[in-house]
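Asker:
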Amino acid sequence: MRRIFVLALAVIALVGMLAPGVYAQAPAAPAPTFKITGFIDTVNSASHNLRDVNFTRVGDKEWYTRNRGRFDVTGQVGKAIGVLGLEIDTAWGQVSGSDNNVVTGAAAVGTAQRAATTSGFDLNTDTQGSIEVKWLYVEYDVPLIPFPTRMRIGAQPFSTTYKLATLATGDFAGVDLVTTFAPNVKGHFTYVQIEEEVTGGSTGGTGATVFVRGDDFAIITSLEVTPIKGLDLRPTYAFLWAQGATNGISRGAVGGIPGTLPTFVAKPVGTGGVATHEEYRHTIGIDSRWRSGPISIEPTFFYQFGTRDLDNPFPIGTTDLIRESEISAWLFDIKAGYRIGPVLLEARYMYTSGNRPMDQLSNDTNYYQPINTDTSYGADGWGNIWALGIDYFNGSIRGMGAAIGLDRYGRQQFGFKGTYSVSPQLDIYGVVMPAWTARSVDTDGTFAATLNCAAHSADSAAAPQGAGCRGDANYIGTETDLGLTWRFAPGLTFDLVGAYMFAGDVFDTSQVRNGVLTRQSAEDVYTGVARVRFSF
1007 MRRIFVLALA
1017 VIALVGMLAP
1027 GVYAQAPAAP
1037 APTFKITGFI
1047 DTVNSASHNL
1057 RDVNFTRVGD
1067 KEWYTRNRGR
1077 FDVTGQVGKA
1087 IGVLGLEIDT
1097 AWGQVSGSDN
1107 NVVTGAAAVG
1117 TAQRAATTSG
1127 FDLNTDTQGS
1137 IEVKWLYVEY
1147 DVPLIPFPTR
1157 MRIGAQPFST
1167 TYKLATLATG
1177 DFAGVDLVTT
1187 FAPNVKGHFT
1197 YVQIEEEVTG
1207 GSTGGTGATV
1217 FVRGDDFAII
1227 TSLEVTPIKG
1237 LDLRPTYAFL
1247 WAQGATNGIS
1257 RGAVGGIPGT
1267 LPTFVAKPVG
1277 TGGVATHEEY
1287 RHTIGIDSRW
1297 RSGPISIEPT
1307 FFYQFGTRDL
1317 DNPFPIGTTD
1327 LIRESEISAW
1337 LFDIKAGYRI
1347 GPVLLEARYM
1357 YTSGNRPMDQ
1367 LSNDTNYYQP
1377 INTDTSYGAD
1387 GWGNIWALGI
1397 DYFNGSIRGM
1407 GAAIGLDRYG
1417 RQQFGFKGTY
1427 SVSPQLDIYG
1437 VVMPAWTARS
1447 VDTDGTFAAT
1457 LNCAAHSADS
1467 AAAPQGAGCR
1477 GDANYIGTET
1487 DLGLTWRFAP
1497 GLTFDLVGAY
1507 MFAGDVFDTS
1517 QVRNGVLTRQ
1527 SAEDVYTGVA
1537 RVRFSF
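So, in structure tokens, the structure goes:
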């Protein structure tokens, strides 16, 4: 399917080149133009119990400073543009064995840097290989189509929803088409290349060691309609196909019963090869927004269905190794705002479904899975611990900014935000947000990167809290934020925020001490961040 789509795009381009009149009396080409836009951030951030995802262990503290530079180089000829997006993320000071994470000289591997950075400014600050290429695309009008159509090809940002990170946010390699049918009606089509098989099946090796990357892809279509002034509706359909193991952003790791979690493998070839595990994930729904005077309402709803093949954790025999899991999950998110003079009052509610701790994911998958969030769910001003905030390298605890739900258990959250504009340059705001899981979490299991439940099956002295994966906690906690934004000079903005999370019992865990499984309570989390941003 991917190859047919690429071939169709090539035919469109060739037909456009051969259209009558293209070469006859062509007008003089417009003069090329060139510009650079972007920003430079300086972030100073301190936190307690935030970086270590084991919230019962309070020893982790951090205070660091870093820079991010974003530079978008745009060349334009007429209506056609080409964009190169570059990004640099560097901490202050050398943080490991070298000042970057790339292979240099005779080094076997690069050395780890502060999370989300690629280098550290040491003495003399001559870091190497720390420039990341984020965007590389061309955008132009497509000829010979009865309706005006704009095409963007290459590595580019998503633009599939109004609300941030509910289905697809971040960057991807592929094609994006926008067709204007009427001033108030637009059609959107996005093709996303997630993985690439390139040369086809491998012919070397034996057994399960022989595998390929799948031709994983996603297609996102939507119709953007403005029936009346102030009301925007965007019904959406998305399809994701994955073969074997796929990108961890599109299918995040989750917990459950240790030793029984399903796995995804690609197809070994040759003697003993087994059928490839495939996933067919469909998402339908609507993203919308309504604004009238001081009032704004932004509801979003998505429902997922489909199937995914997994290894059967409880095979009966050699013929019962693969199970087909039914996908059925949904996400609802609504924001509302009301402005009274200098005061903006906002509220937000979200709910996403989940699986119980005892559910076998080889039967049913009930937790919502976005195509990509870039760890940005809630990063539009709703949290600095639940979500990425002013320091967008911290927060999004336990993957909630990436997966939206907490692990496999879903999520339900209220939020209230008040902003007072002291002047056009200065805003002061506060946020409070309690949250729960949609399905209860079993906290009798020992700590792991995913939220696993207890493996024991009977009550005993070593398991006084009870046996099995019954689920005993729902409360994630409550986050409170207080911050300000000061635009103190042209192009310069100062942000200051403090955030505190009252930890809930969902993050409790257990340890075996002297043969007894002992419950440990999660401790609170707090952080403070100051940031200066220069935008140009």
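In terms of my numbering, the sequence shown opens at residue 1007 and continues consecutively. Even glycine gets a Cβ: it sits at the ideal position worked out from N, Cα and C.
1) Which residues in the same chain as A1509 place their Cβ atom closer than 7 Å to its Cβ, once the five residues preceding and following it in sequence are excluded?
2) Let me check understanding here. Comparing Cα to Cα, which of V1049, S1125, L1092 lies closest to A1103?
3) When you compare only the Cα positions, how much space is there between L1129 and N1073?
4) Note down the Cα distance separating S1516 from L1056, rounded to an integer number of angstroms.
5) Could you give the DSSP three-state label for D1365: helix, strand or coil?
6) Specify, as a first and last residue, the run of the alpha helix (DSSP H) that I1407 falls within.
7) Shortest alpha-carbon distance to K1169 belongs to which of D1182, T1242, V1079?
8) Taking the alpha carbon of D1222 as the point to measure from, which residue in F1045, Q1199, G1088, R1156 has its own alpha carbon closest?
9) Can you tell which of V1260, G1250, I1292 has the C-alpha that lies nearest to the C-alpha of L1229?
10) Take V1535 and list the residues in its own chain whose beta-carbon comes closer than 6 Å to its own, dropping the five residues that flank it on each side.
11) Would you tell me roughly how many angstroms separate the C-alpha atoms of I1087 and T1043, rounded to the nearest one?
12) Pick out whichever of R1156, E1202, A1188 has its Cα sitting closest to the Cα of F1195.
13) Can you give the Cα-Cα distance for Y1426 and I1340, rounded to whole angstroms?
14) Here's a check: name, in chain order, each residue in its chain whose Cβ is nearer than 6 Å to the Cβ of G1265, leaving out the five neighbours to either side.
15) By a C-beta neighbour count over all protein chains shown, 10 Å radius and 16 as the cutoff for buried, is S1053 buried or exposed?
16) Specify, as a first and last residue, the run of the beta strand (DSSP E) that N1055 falls within.
17) With DSSP as the reference, label D1177 as helix, strand or coil.
18) Restricting to Cα atoms, I'd like to know which of T1071, Q1431, I1255 is closest to P1348.
19) DSSP beta-bridge partners for S1334?
20) Can you tell me which of the three DSSP states D1450 falls into?
21) What does the alpha-carbon distance come out to for the pair Q1134 and F1540?
22) Round the Cβ separation of A1224 and F1245 to the nearest angstrom and send it over; I've been treating them as touching at under 8 Å.
23) Give me whichever residues DSSP pairs with G1081 in a beta bridge.
24) Hey, would you say G1389 sits closer than 8 Å to D1487, going by beta carbons?
25) In its own chain, which residues sit with a C-beta less than 6 Å from the C-beta of D1501, not counting the 5 before and 5 after it?
26) What residue from D1047, A1097, I1046, A1034 has the CA that sits closest to V1083's CA?
27) Going by DSSP in three states, I1403 sits in which element: helix, strand or coil?
28) In angstroms, rounded to a whole number, what distance separates the CA positions of Y1309 and F1040?
29) Which residue's Cα is closest to the Cα of T1186: L1367, P1152, I1255, D1365?
30) Going by DSSP, which residues form a beta bridge with Y1506?
Answerer: In short:
1) Taking the first residue of the sequence shown as position 1, residue 1509 is located at position 503. Closer than 7 Å at Cβ, skipping near neighbours: F1061, G1483, A1528, E1529, D1530, V1531.
2) Taking the first residue of the sequence shown as position 1, residue 1103 is located at position 97. This sequence places Gly at residue 1103; Ala is not what is there. It is S1125.
3) The residue given as residue 1129 occupies position 123 in the sequence shown. The residue given as residue 1073 occupies position 67 in the sequence shown. Rounded to whole angstroms, L1129 to N1073 spans 16 Å at the Cα level.
4) Within the sequence shown, residue 1516 is the residue found at index 510, counting from 1. Within the sequence shown, residue 1056 is the residue found at index 50, counting from 1. The alpha-carbon atoms of S1516 and L1056 are separated by roughly 19 Å.
5) If you number the sequence shown from 1, residue 1365 lands on position 359. Coil at D1365, not helix or strand.
6) On the sequence shown, residue 1407 is found 401 positions in, with the first residue counted as 1. Going by the sequence as given, residue 1407 is Gly instead of Ile. Looking at the DSSP string, the run of the alpha helix (DSSP H) that includes G1407 is 1406-1409.
7) Here residue 1169 corresponds to residue number 163 of the sequence shown, with the count starting at 1. Of the candidates D1182, T1242, V1079, the one whose C-alpha sits nearest the C-alpha of K1169 is T1242.
8) For the purposes of this step, residue 1222 is taken as the residue at position 216 of the sequence shown. Of the listed residues, the one whose Cα sits closest to D1222 is Q1199.
9) Numbered from 1 along the sequence shown, position 223 holds the residue referred to as residue 1229. If we check each option's Cα against that of L1229, I1292 comes out closest.
10) Mapped onto the sequence shown, residue 1535 falls at position 529. Closer than 6 Å at Cβ, skipping near neighbours: S1051, I1396, D1397, V1503.
11) Counting from 1 along the sequence shown, the entry for residue 1087 is found at position 81. Counting from 1 along the sequence shown, the entry for residue 1043 is found at position 37. Spanning the two alpha carbons is a distance of roughly 14 Å.
12) Along the sequence shown, read from residue 1 onward, the residue named residue 1195 stands at position 189. Its Cα nearest to that of F1195, the residue R1156 stands out among R1156, E1202, A1188.
13) In the sequence shown, residue 1426 corresponds to position 420, counting from 1. In the sequence shown, residue 1340 corresponds to position 334, counting from 1. Looking at the two C-alpha atoms, the distance is approximately 22 Å.
14) Position 259 of the sequence shown, counted from the start, is the residue given in the question as residue 1265. With a pLDDT of only 49 at G1265, under 50, the local geometry of the prediction cannot be trusted, and no value is derived from it.
15) On the sequence shown, residue 1053 is found 47 positions in, with the first residue counted as 1. By the neighbour-count rule (16 or more Cβ atoms within 10 Å), S1053 is buried.
16) Here residue 1055 refers to the residue found at position 49 of the sequence shown. Unbroken run through N1055: none, as it is neither H nor E.
17) Numbered from 1 along the sequence shown, position 171 holds the residue referred to as residue 1177. Three-state DSSP puts D1177 in a strand.
18) Within the sequence shown, the letter at position 342 stands for residue 1348. It is Q1431.
19) Working through the sequence shown from its first residue, we reach residue 1334 at position 328. Answer is F1311, bridged to S1334.
20) Position 444 of the sequence shown, counted from the start, is the residue given in the question as residue 1450. It is coil, neither helix nor strand.
21) As a first step, residue 1134 must be located in the sequence shown, where it is residue number 128. As a first step, residue 1540 must be located in the sequence shown, where it is residue number 534. C-alpha separation (whole angstroms): 24 Å.
22) Within the sequence shown, numbered from 1, the residue matching residue 1224 stands at position 218. Within the sequence shown, numbered from 1, the residue matching residue 1245 stands at position 239. Right, the Cβ-Cβ distance comes to about 7 Å (below 8 Å), so this counts as a contact.
23) Numbered from 1 along the sequence shown, position 75 holds the residue referred to as residue 1081. G1081 pairs with F1040, G1088.
24) The residue given as residue 1389 occupies position 383 in the sequence shown. The residue given as residue 1487 occupies position 481 in the sequence shown. Taking 8 Å as the Cβ cut-off, G1389 and D1487 qualify as a contacting pair.
25) As a position in the sequence shown, residue 1501 is number 495, starting the count at 1. Excluding residues within five positions, the ones whose Cβ falls inside 6 Å are I1396, T1491, R1537.
26) Counting from 1 along the sequence shown, the entry for residue 1083 is found at position 77. Taking only the C-alpha atoms, the option nearest V1083 is A1034.
27) Stepping through the sequence shown from its first residue, residue 1403 is reached at position 397. Residue state, collapsed to three classes: helix.
28) Residue mapping note: residue 1309 aligns to position 303 of the sequence shown, counting from 1. Residue mapping note: residue 1040 aligns to position 34 of the sequence shown, counting from 1. Approximately 43 Å between the Cα atoms of the pair.
29) Here residue 1186 is taken as the residue at index 180 of the sequence shown, counted from 1. Minimum Cα distance to T1186 is reached at P1152.
30) Translated into the one-based positions of the sequence shown, residue 1506 becomes position 500. DSSP lists T1486, Y1532 as partners of Y1506.
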